[in-house]
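When the letters of the sequence shown are read in order and numbered with UniProt numbering, they come out as residues 1 to 242. In what follows, a single structure is set out as structure tokens and then discussed.
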Amino acid sequence: MKKGVFTLIENTELVPGMHRLTFSGDGSGIVPGQFAEVSVPGYFLRRPFSVAGFDEGSLTLAVRVRGEGTAALCAMEPGARLDILTCLGNGFDLSLAGKRPLLIGGGSGVGVLMPLCRALTEAGAEVSAALGFGSAAESFCVNDFVALGATTAVYTADGSLGRRGLVTEALRDFEYSSVYACGAVPMLQIIDREAAAPAQFSLEARMGCGFGACMGCTVETVNGPKRVCKDGPVFGRGELVW
1 MKKGVFTLIE NTELVPGMHR LTFSGDGSGI VPGQFAEVSV PGYFLRRPFS VAGFDEGSLT
61 LAVRVRGEGT AALCAMEPGA RLDILTCLGN GFDLSLAGKR PLLIGGGSGV GVLMPLCRAL
121 TEAGAEVSAA LGFGSAAESF CVNDFVALGA TTAVYTADGS LGRRGLVTEA LRDFEYSSVY
181 ACGAVPMLQI IDREAAAPAQ FSLEARMGCG FGACMGCTVE TVNGPKRVCK DGPVFGRGEL
241 VW
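This is the structure we're talking about:
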């Protein structure tokens, strides 16, 4: 865990209610799949967010407006300075990838897969990315995955963009050596049950502290209760009790 003060340099609304916040500050040491906790002025508890990009001089977070705290954060303008904890949780295991990793993201779960996509393509993997949304109007970051070199397919429930259907259909549409996924629990359950290769899942959960003290984000696993913030947010296939 690292603590620092970050300055907001860009606030982009990708689609209604979904923002990409880019900060200047020390983003070094982060592993794809880890998360950050932001102290929003006027609110007691920090808010956990997926890390959608990082390097030694910047940090990018994917933020969906869910309540007053996230609304206040997404209303901030460049120049705002915020206290942020980074390098939280356990990230994805890149050694699992093999030659053809498949990334499956649903809705707000898409953002956390971007740093992973970058790391895997830079390592020489042939990455495929399947991104699922309710409709074309709800889609975002598709071109970012294309720019990173991933073979990218979009699935929408209404067929207004890409392929009509569930994003889990990518398990039949692609050849893959591994699966990395983030999204709604029903989506992850299908992947856990049907994937034909090793898989890892990034869970989204409400958190109090973000570093394992409060036990507020506990989930059941085959090895007993685990904390999403400390033992996750990434878990392996067959590990979770759904």
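Idealized CB from N, CA, C, for every residue including glycine.
Alpha carbon to alpha carbon, what distance is there between Gly134 and Ser128?
Residue 128 sits at position 128 when you count from the first residue of the sequence shown. Residue 134 sits at position 134 when you count from the first residue of the sequence shown. Between Ser128 and Gly134, the C-alpha separation is close to 20 Å.
Just the Cα atoms here: how many angstroms apart are Arg219 and Val228?
In the sequence shown, residue 219 corresponds to position 219, counting from 1. In the sequence shown, residue 228 corresponds to position 228, counting from 1. Checking the sequence, you will find Val at residue 219 rather than Arg. Cα to Cα, Val219 sits roughly 7 Å from Val228.
Environment of Lys99 [buried if 16+ CB atoms lie within 10 Å]
Numbered from 1 along the sequence shown, position 99 holds the residue referred to as residue 99. Burial call: exposed.
Looking at Arg81 and Phe201, is the spacing between their C-beta atoms short of 9 Å?
Along the sequence shown, read from residue 1 onward, the residue named residue 201 stands at position 201. Along the sequence shown, read from residue 1 onward, the residue named residue 81 stands at position 81. Taking 9 Å as the Cβ cut-off, Phe201 and Arg81 do not qualify as a contacting pair.
I believe Pro115 touches Leu8 by the beta-carbon criterion, under 8 Å. Please report the beta-carbon distance rounded to the nearest angstrom.
Here residue 115 is taken as the residue at index 115 of the sequence shown, counted from 1. Here residue 8 is taken as the residue at index 8 of the sequence shown, counted from 1. About 19 Å; that fails the 8 Å criterion.
Is Leu131 closer than 9 Å to Ser139 when the C-beta atoms are compared?
By one-based count along the sequence shown, residue 139 stands at place 139. By one-based count along the sequence shown, residue 131 stands at place 131. Result yes, Cβ atoms of Ser139 and Leu131 sit closer than 9 Å.
Which residues in the same chain have their Cβ closer than 6 Å to the Cβ of Phe235, if we skip the five residues on either side of it in sequence?
Counting from 1 along the sequence shown, the entry for residue 235 is found at position 235. Scanning its chain for C-beta atoms nearer than 6 Å, with the 5 sequence neighbours on each side dropped, one finds around Phe235 the residues Phe201, in chain order.
On the three-state DSSP scale, how would you describe Leu237?
Taking the first residue of the sequence shown as 1, we reach residue 237 at position 237. Note that residue 237 is Arg in the sequence shown, not Leu. Coil at Arg237, not helix or strand.
Quick one: Cα of Leu85 to Cα of Gly212, how far?
Here residue 85 is taken as the residue at index 85 of the sequence shown, counted from 1. Here residue 212 is taken as the residue at index 212 of the sequence shown, counted from 1. In this structure, the alpha-carbon of Leu85 lies about 14 Å from that of Gly212.
What residue does the alpha helix (DSSP H) around Val146 start on, and which one ends it?
Your numbering for residue 146 matches position 146 in the sequence shown. Looking at the DSSP string, the run of the alpha helix (DSSP H) that includes Val146 is 142-147.
Does the segment 99-110 come within contact of the segment 163-179, defined as at least 3 CB pairs closer than 8 Å?
Output reads yes: the segment 163-179 touches the segment 99-110.
Residues that Arg164 bridges to, as DSSP identifies them:
For the purposes of this step, residue 164 is identified with residue 164 of the sequence shown, where counting begins at 1. Looking at the DSSP output, Arg164 sits in a beta bridge with Thr156.
Assigned secondary structure, Gly132 (DSSP; H/G/I helix, E/B strand, else coil):
Taking the first residue of the sequence shown as 1, we reach residue 132 at position 132. The three-state reading of DSSP puts Gly132 in strand, counting E and B together.
Check whether chain C comes within 9 Å of Phe49, counting only Cβ atoms and requiring the distance to be less than that.
This model lacks chain C altogether, as it is built from one protein chain only.
For Ser24, which beta-bridge partners are listed by DSSP?
For this step, residue 24 is matched to residue 24 along the sequence shown. Beta-bridge pairing links Ser24 to Thr7, Ser58.
From Thr152, Asp158, Asp93, Glu122, residue whose alpha carbon lies closest to that of Ser178
Walking along the sequence shown from the start, residue 178 turns up at place 178. When only C-alpha atoms are compared, the closest one is Asp93.
Alpha helix (DSSP H) segments (min. 4 residues) lying fully within the segment 186-223:
Runs of the alpha helix (DSSP H) inside the segment 186-223: none found.
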